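What follows is one structure encoded as structure tokens, with my remarks underneath.
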Amino acid sequence: MRRSRLTEATLVLLLITAACASAADVWLRETHFIIYEVQAGAEVAFTMTPQGSGTADPAPMSWRAYDMDGAIIAEGRPEASTVTVRYIPRESGLNIARLTGGRNWYSLAPAGGSTALADDCYGIVSSEHAHLHTCGDARAMYFYVPEGVRRVRPFVLASSPREGATFRIIDPDGKVAAEMADQFDRPTRVQAQVEAGQDGRVWSFRLAPAEGMPFDDVVVWFESGGDVPPLVSYNPEALERLLQKIPGALP
1 MRRSRLTEAT LVLLLITAAC ASAADVWLRE THFIIYEVQA GAEVAFTMTP QGSGTADPAP
61 MSWRAYDMDG AIIAEGRPEA STVTVRYIPR ESGLNIARLT GGRNWYSLAP AGGSTALADD
121 CYGIVSSEHA HLHTCGDARA MYFYVPEGVR RVRPFVLASS PREGATFRII DPDGKVAAEM
181 ADQFDRPTRV QAQVEAGQDG RVWSFRLAPA EGMPFDDVVV WFESGGDVPP LVSYNPEALE
241 RLLQKIPGAL P
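Written out as structure tokens, the structure is:
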């Protein structure tokens, strides 16, 4: 079995860290990095709509877009309640955007007819240095299990005291491979075995409320340099396409 070479070091060097959502029912928190495909000369446009403690003071919200060589393409720190990321790339390929929500929760959505984030065609890096941080119930998140991998072990953490969640890992055939309901008051691995024929395929996980516990901020990540590439997406086909284009993402 060969490990994925999509390590955190690789992600930092390439500035590839990602976040993902094109529906307003998915809320992210703090900083995420998103990776998506662009076409030269075609405008990239999407919105960050805030909600939460920082809504009245949106100044901490900001964004910065990079090309795959790490060069800054565009950036902004808007003074409006809804942030619009808007720029025109000079070259086709993959771009990366660093999104900072300040004290806000925020959702993402395409804008102005741009196809960059349409149909959830972008990925979220979810590693120990670039967590996926969601607020409340969320849709299924997909991740890729390379050939030869025999178990998956993502970390889960409820970021506020006395909160909790139910975390389910779902195999490629739609069956629950592992489930844990807990306060997750410290980083906790949830482990699922990968049966024969289920490697080299896309799996998913889902967050939901746990009985008797408030359900709000939950952080999920995969180990950098581990068996599973720390990239997730709401779109399984987009996930595989992005991984094929990121150097070192797949064995």
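Under this note's numbering, think of the first position of the sequence shown as 1, with each following residue one higher.
Every residue gets a Cβ at the ideal spot worked out from N, C-alpha and C, and that includes glycine.
Note that the coordinates shown come from a computational prediction; the quantities given were computed from them, not determined experimentally.
- Compare the Cα-Cα distances from MET48 to each of PRO60, ALA40, GLY200, GLN193 and report the closest residue. Translated into positions along the sequence shown, residue 48 becomes position 48. Ranking PRO60, ALA40, GLY200, GLN193 by Cα distance to MET48 puts PRO60 first.
- Message: Out of ARG77, TYR87, ALA238, which one is the CA nearest neighbour of PHE46?
- Response: Reading the sequence shown from its first residue, position 46 is the one you call residue 46. Out of ARG77, TYR87, ALA238, TYR87 has the C-alpha closest to the C-alpha of PHE46.
- Message: Taking the straight line between their C-alpha atoms, what separation do you get for TYR144 and VAL190?
- Response: Mapped onto the sequence shown, residue 144 falls at position 144. Mapped onto the sequence shown, residue 190 falls at position 190. Taking the straight line from one Cα to the other gives about 16 Å.
- LEU239 in three-state terms, based on DSSP: Position 239 of the sequence shown, counted from the first residue, corresponds to residue 239. Three-state DSSP puts LEU239 in a helix.
- Task: Label ARG2 either buried or exposed according to how many other C-beta atoms from any shown protein chain fall within 10 Å of its C-beta, with 16 as the threshold for buried.
- Result: Locating residue 2 in the sequence shown gives position 2, counting from the first residue. Confidence in ARG2 is poor, its pLDDT being 44 and thus under 50, which makes the residue's placement too unreliable to answer from.
- Item | Integer Cβ distance of TYR253 from SER233, believed to fall under 8 Å | Given a span of 1 to 251 for the chain in the structure shown, any question on residue 253 remains unanswerable.
- Close Cβ partners of LEU117 (< 7 Å) along its chain, the five nearest in sequence each way excluded: Here residue 117 refers to the residue found at position 117 of the sequence shown. For LEU117, where only same-chain residues beyond five positions count, the Cβ hits under 7 Å are SER22, TYR36, PHE46, LEU108, PRO110.
- Message: Let me check understanding here. Comparing Cα to Cα, which of LYS245, ALA208, GLU195 lies closest to GLY148?
- Response: Counting from 1 along the sequence shown, the entry for residue 148 is found at position 148. Comparing Cα-Cα distances from GLY148 to each of LYS245, ALA208, GLU195, the minimum goes to GLU195.
- Message: Report the CB separation of ARG201 from PRO172 in whole angstroms; it is logged as a contact under 8 Å.
- Response: To locate residue 201, count along the sequence shown from 1; it is residue 201. To locate residue 172, count along the sequence shown from 1; it is residue 172. With a contact defined as Cβ atoms closer than 8 Å, ARG201 and PRO172 qualify at about 4 Å.
- How do the stretch 27 to 34 and the stretch 118 to 135 stand: do at least 3 beta-carbon pairs fall below 8 Å, yes or no? yes
- Task: Along the beta strand (DSSP E) that carries PHE33, what are the first and last residues, could you check?
- Result: Residue 33 sits at position 33 when you count from the first residue of the sequence shown. Run containing PHE33: 28 to 38, per the beta strand (DSSP E) assignment.
- Message: Going by beta-carbon coordinates alone, are VAL156 and ALA192 separated by less than 9 Å?
- Response: Counting from one through the sequence shown, the residue named residue 156 turns up at place 156. Counting from one through the sequence shown, the residue named residue 192 turns up at place 192. Result no, Cβ atoms of VAL156 and ALA192 do not sit closer than 9 Å.
- Item | Opening and closing residue of the beta strand (DSSP E) in which LEU94 lies | The residue you call residue 94 lines up with position 94 of the sequence shown. Looking at the DSSP string, the run of the beta strand (DSSP E) that includes LEU94 is 93 to 110.
- Task: Label GLY123 either buried or exposed according to how many other C-beta atoms from any shown protein chain fall within 10 Å of its C-beta, with 16 as the threshold for buried.
- Result: As a position in the sequence shown, residue 123 is number 123, starting the count at 1. With 16 or more other Cβ atoms within 10 Å, it is buried.
- Run of the beta strand (DSSP E) containing ASP67, from where it starts to where it stops: Counted from its first residue, the sequence shown places residue 67 at position 67. Taken as a continuous stretch (DSSP letters only), ASP67 belongs to no beta strand (DSSP E), as it is neither H nor E.
- Message: Per the DSSP calculation, PRO50 is bridged to which residue(s)?
- Response: Working through the sequence shown from its first residue, we reach residue 50 at position 50. Looking at the DSSP output, PRO50 bridges to TYR106.
- Query: Cα-Cα, which of GLU211, PRO230, GLY41, GLY113 is closest to ILE34?
  - Reply: Residue mapping note: residue 34 aligns to position 34 of the sequence shown, counting from 1. The residue with the shortest Cα to Cα distance from ILE34 is PRO230.
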